[in-house]
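To start, the structure under review is shown below, and the notes come after it.
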Amino acid sequence: MTLIATQISKHGIVHAADSNVTVVTQQNGIATVRTDPTPGKKVYDLRPAINAALTVAGSYSVGGIDMPTWMGGFLGNQATIPSVTLEGFARALSSALEAQMTSVEKANGSIVHIAGYVEVGNESHAEFWFVRNVYGILATGEYDDIRDTFQVGEDFWSRDCPTDDTMENGAYQLYANGFHEGRMPFMGVARHLGQFFSDVWKYPTWNLRPPSSIDGYEKLIRLYMSTVTTLFDICESKAPAIGGNVETVGIPAPVNAIHRR
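Under our numbering, the residue at position 260 of the sequence shown is numbered 269, and the numbers go up by one with no gaps.
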């Protein structure tokens, strides 16, 4: 699997992922798991075609083609469509993954975060499109009900975006997916370190302040994820499910962006 995260704040959107790729091989009925020495690309910037980016978790191949090569071809085809929308892109990607992934590739669950800004009239707002063939989740945090079909939906603007000024006052929405033993600690790290930093920023004589740009939030998300990858590294597993360098893409909020429904 992997660990991916997307944060939406008034300053913009941050996409992040670890870079470990695990490889499973079978010989004489015995499965061997190892970490690919080449860092995997899991974050893809969709600009300038669409003011958005995406992150992938799960299978690192589609129809036997490695994810960077396959995604590069898919993105190239989408770029030739002059009027592609964020929703249209999400649905096209969902259909392509469902049609082209093998059943073996689908078996462990695949998830894609797609988040960016949508222009409506004179305003723009953030949307978070969630593509996956995972239909359920257990109380332990493990994924359940993994199917051969993919579903797609929008979770931020239609559901999680505040209807008051909390986002203008520093609130944000954070989504995380991937290997549950990394996803759950990541949310805990974000919560506890977030509270710690909030206390630090309030200390009257330290002159430290919260982020005032998308660059600052990108650094914080990278720190949260690096903390989790370090915890996996400490375990000294031969094939840690999460680890390597943290890749991020920050998308600044447009000047006409609104942050409440």
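Built from N, CA and C at the ideal position, the CB exists for glycine as well.
| query | result |
| --- | --- |
| Check whether N186 and A105 have beta carbons under 8 Å apart | no |
| L229 (DSSP reduced to helix, strand or coil) | helix |
| Assigned secondary structure, T34 (DSSP; H/G/I helix, E/B strand, else coil) | Its pLDDT being 49, under 50, T34 is placed unreliably in this model, and the coordinates cannot settle the point. |
| Beta bridge counterpart(s) of H268 as assigned by DSSP | Paired residue(s): none; H268 is not in a bridge. |
| Counterpart residues of Y53 in DSSP-defined beta bridges | L63 |
| Of the listed residues Q182, T214, T236, R141, nearest to T64 (C-alpha basis) | R141 |
| C-alpha distance - L84 paired with W210, whole-angstrom precision | 41 Å |
| Proximity winner among P194, R218, T111, D174, relative to V71 (alpha-carbon distances) | T111 |
| Cβ shell of T236 (< 7 Å), same chain only, five flanking positions each side left out | V198 |
| Enclosing alpha helix (DSSP H) for P263 [first to last residue] | Premise fails: P263 is in no alpha helix (DSSP H) and is neither H nor E. |
| Reference V52, options S68, I59, P77, I243, closest by Cα | P77 |
| Endpoints, beta strand (DSSP E) assigned at A124 | 120-129 |
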